[in-house]
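K.L.:
Below is the structure I would like to discuss, written out as structure tokens.
Protein chains: 2
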Amino acid sequence: MINKILIIGCGLIGSSILRAVSKKSIAKKIFVFEKSSSNISKIKKIKVPLEITKDLKKIVPEVDMIIFCTPMSEYERIILKINKYIKGKTLITDVGSTKEKSLFLIKKKLKKNISWISSHPIAGAEMSGPEFGSSSLFLKKWCILIKEKNCNKKHLIILKKFWKKIGSRLAIMDSKKHDIIFSITSHLPHLIAYNLVKTATDFEKKKKFRLIKYSAGGLRDFSRIAASNEIMWRDVFFNNSENVTKAIDLFINNLKSFKKDIKFKNNKIILKKLIETKKVRKKIIKLKQDINKPDFGRN
Amino acid sequence: MINKILIIGCGLIGSSILRAVSKKSIAKKIFVFEKSSSNISKIKKIKVPLEITKDLKKIVPEVDMIIFCTPMSEYERIILKINKYIKGKTLITDVGSTKEKSLFLIKKKLKKNISWISSHPIAGAEMSGPEFGSSSLFLKKWCILIKEKNCNKKHLIILKKFWKKIGSRLAIMDSKKHDIIFSITSHLPHLIAYNLVKTATDFEKKKKFRLIKYSAGGLRDFSRIAASNEIMWRDVFFNNSENVTKAIDLFINNLKSFKKDIKFKNNKIILKKLIETKKVRKKIIKLKQDINKPDFGRN
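For the protein sequence lines, the chains are A and B, in the order given.
Residues 1 to 299 in the numbering used here are what the first sequence lists, from first letter to last.
Residues 1001 to 1299 in the numbering used here are what the second sequence lists, from first letter to last.
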């Protein structure tokens, strides 16, 4: 059991960690540092023993583990605040969706000899805010731990235990590989969802056709992802801009080739493409990355 | 009540109509014409009174309504078969996802003075086959009826009643408008889903990273749509190629502009875009085009 944990930033992810840590009795005491007063009043309604703190000077030297759950663009500001108080025994982690740029910043800004091992739980929802958190959000979901050179081995063991107790499946990789993989499986899909919804609304305005009302034929699926938190996703796109840009280019090439296949009625090629991608769904379900119900079981 | 109905092609949609017609007692007798023997044995297991027929010569002159539920590329072959037997009293409809090209073909190939009023129920799933059908598939979903010049008014009234009894919400428009609207709300999203999954698998092969296993971060949503029936979707893309091609171009323009916003860190523009598209999700839920549960309620 960890003695004291400090969660910095308590939105959807922070409050889910809070709930899970409490439910699984992972820490004796949980502190929460949150700047939004509207979030604070929502956190107070969560039936979990915790202490909301504004006093980093007092709390930071006391805690064994700090978890950054703010948008990545907040890291620098908070690092500069805690640098004065942080001690060598404390393990810091974060749950940010991109790693290379933030670890570069952390190395530059964080006080020397303080250990930060980055985490990325692959879990979330389109809703943001502490009221939507859930102790089971991470259950059976991947959590990627970033192992950099000179990583504190003792802290890595503690962090592994922490996520396992919360219910995550662990994978370890370096920040470079992480950012490439998630540029394709997560950042590109989100970016596409935003732009597809934008294309539909642009079209609605221009043509004066009401078309959003007919979105059940496909668009509605994308609109869920396109409803994700804008600050978080701006940070992701900016932080992982090189990989994301490459992913966009690959995708546009595929789209253009598909457009040609349609134009020239390349029957065999189109069918082959459609059949191949169909198989991926089965693989995803087999890998337990989605539920095996038609239409996500939503109807 | 309709006396006799013939469903031609009994996969997911056909078998859902079959179930709904039976449940709501819409017809005294239901005939099913299906060419796949594997589908026929599945249809026999559905607990609904029906007669599977191969004898179009006998059945077609008898029935009051024929519903084409085959892929659109089958229409011509079947029209040429039934032309000899069809009578003026019979109302024909279909459930195809595009309208202009198929109605052009129908006008050219169908025997004169036979009335075909096209329908498009906006409902489906990524699974295909009669075993996945459901009598509630169309409940509260839009069904678009295509009103062309010289449409048989009496038949239109019958068709409206038919879909209403099945549980659909009706909208009436011409084939041109239909094909434009659904090129954006349905055909483009499907095409994008196929190409996104293809981009991920291409990347996996090239980089030798296993990334599909991390698809819970976004990709999995697209993989569901990309698992839809390949014959049906090839037909859609080929039949609506002009509108779909224009939709691809609009979308690529949006993607390229987003890429620039990322590259040049256009903070305000990106945030504005992300916030605007977020609102669309709320609109879609308000319009009852999707359920109001985080993550489609799947977890």
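For glycine and all other residues, C-beta sits at the position ideal for the given N, C-alpha and C.
For clarity, every value in this text was computed on a predicted model and none was experimentally measured.
1) Less than 8 angstroms separating the beta-carbons of SER1115/B and LYS1099/B?
2) Can you find a C-beta in chain B that's less than 8 angstroms from the C-beta of PHE339/A?
3) Buried or exposed for LEU18/A, going by 16 or more other Cβ atoms inside 10 Å?
4) Which residues in chain A have a C-beta closer than 8 angstroms to the C-beta of MET1127/B? List them in chain order.
5) With distance defined between alpha-carbon atoms, name the residue in ASN1003/B, ALA1200/B, ILE1285/B nearest to VAL244/A.
6) Please report the straight-line C-alpha distance between ILE1270/B and LEU191/A, rounded to a whole angstrom.
7) Tell me where the alpha helix (DSSP H) around ASN240/A begins and ends.
8) For HIS190/A, would you say it is in contact with chain B, using Cβ-to-Cβ distances shorter than 8 angstroms as the test?
9) In the DSSP output, which residue or residues are listed as bridge partners for HIS120/A?
10) At a Cβ cut of 8 angstroms, what residues of the segment 11 to 45 of chain A count as close to chain B, listed as they run along the chain?
11) Alpha carbon to alpha carbon, how far is SER1241/B from ASP1235/B? Give it in angstroms, no decimals.
12) Are the beta-carbon atoms belonging to MET72/A and LEU91/A less than 8 angstroms from one another?
13) Show which residues of chain B have a CB atom less than 9 angstroms away from the CB atom of ILE146/A.
14) Quick check on the burial criterion: 16 or more other C-beta atoms within 10 angstroms. Buried or exposed for SER25/A?
15) Roughly how many angstroms lie between the CA atoms of LYS57/A and ALA20/A, to the nearest whole one?
16) Helix, strand or coil: which one does DSSP assign to ILE231/A?
17) Taking 8 angstroms as the threshold (C-beta atoms), are LYS4/A and PHE31/A in contact?
18) Output yes if chain B places a C-beta closer than 8 angstroms to the C-beta of THR70/A; else output no.
19) Looking at the C-beta of TRP1116/B, does it have a partner C-beta in chain A at a distance below 8 angstroms?
20) For LYS1101/B, does the count of other Cβ atoms within 10 angstroms reach 16, so buried, or fall short, so exposed?
21) Using 8 angstroms as the limit for Cβ to Cβ distance, is LEU170/A near chain B?
22) Spatial neighbours of ILE82/A within its chain, please: CB distance less than 8 angstroms, with the 5 preceding and 5 following residues excluded, ordered by chain position.
23) Going by C-alpha distance, which of ALA1216/B, GLY1124/B, ILE1212/B, GLY1167/B is nearest LYS283/A?
24) Are the CB atoms of LEU170/A and LYS164/A within a distance shorter than 8 angstroms?
25) Apply the 10 Å Cβ neighbour rule to ARG1210/B and answer buried if 16 or more other Cβ atoms are within range, or exposed otherwise.
26) So is ARG77/A in contact with chain B if we call contact Cβ pairs under 8 angstroms?
27) So, for GLU76/A: in the same chain, excluding its five sequence neighbours on each side, which residues have a beta-carbon less than 8 angstroms away from its beta-carbon?
28) Whose CA, out of ILE1172/B, SER1038/B, ILE1158/B, ASN1113/B, lies closest to the CA of CYS1143/B?
29) Which residues, taken in chain order from the segment 148 to 180 of chain A, show a beta carbon closer than 9 angstroms to some beta carbon of chain B?
30) Between ARG220/A and VAL48/A, what straight-line distance do the alpha-carbon atoms span, to the nearest angstrom?
31) Select from LYS112/A, LYS160/A, ILE46/A, PHE68/A the residue whose C-alpha is nearest the C-alpha of MET1/A.
32) How big is the Cα-Cα spacing for GLU131/A and ASN39/A?
33) Residues in the same chain with beta-carbon distance under 6 angstroms from ASP1179/B, minus the five sequence neighbours each way, listed in chain order, please.
34) Would you report the Cα separation of ILE184/A and ALA247/A, rounded to the nearest angstrom?
35) Closest Cβ-Cβ distance between PHE104/A and chain B: below 8 angstroms?
36) Got a sec, what are the start and stop residues for the alpha helix (DSSP H) LYS1081/B sits in?
P.N.:
Considering the structure as presented:
1) no
2) Here chain A has residues from 1 to 299 only, and residue 339/A is not among them.
3) Under this definition LEU18/A is a buried residue.
4) Neighbours of MET1127/B on chain A, chain order: PRO294.
5) Taking only the C-alpha atoms, the option nearest VAL244/A is ALA1200/B.
6) 11 angstroms
7) Looking at the DSSP string, ASN240/A is not in any alpha helix (DSSP H), and its letter there is neither H nor E.
8) yes
9) Answer is ILE144/A.
10) none
11) 10 angstroms
12) no
13) By Cβ distance, chain B contributes nothing, its closest Cβ being about 14 angstroms from ILE146/A, past 9 angstroms.
14) Burial call: exposed.
15) 26 angstroms
16) helix
17) yes
18) no
19) no
20) buried
21) no
22) LEU56, VAL60, ILE66
23) The shortest Cα separation from LYS283/A among ALA1216/B, GLY1124/B, ILE1212/B, GLY1167/B belongs to ILE1212/B.
24) yes
25) exposed
26) no
27) LEU105, LYS109
28) ILE1172/B
29) ALA171, LYS177, ILE180
30) 35 angstroms
31) LYS160/A
32) 8 angstroms
33) Cβ neighbours of ASP1179/B beyond the five flanking positions: THR1098, LYS1099, GLU1100, ASN1240, ASN1243.
34) 6 angstroms
35) No, its Cβ sits nowhere closer than 8 angstroms to a Cβ of chain B.
36) Its alpha helix (DSSP H) spans residues 1075 to 1082.
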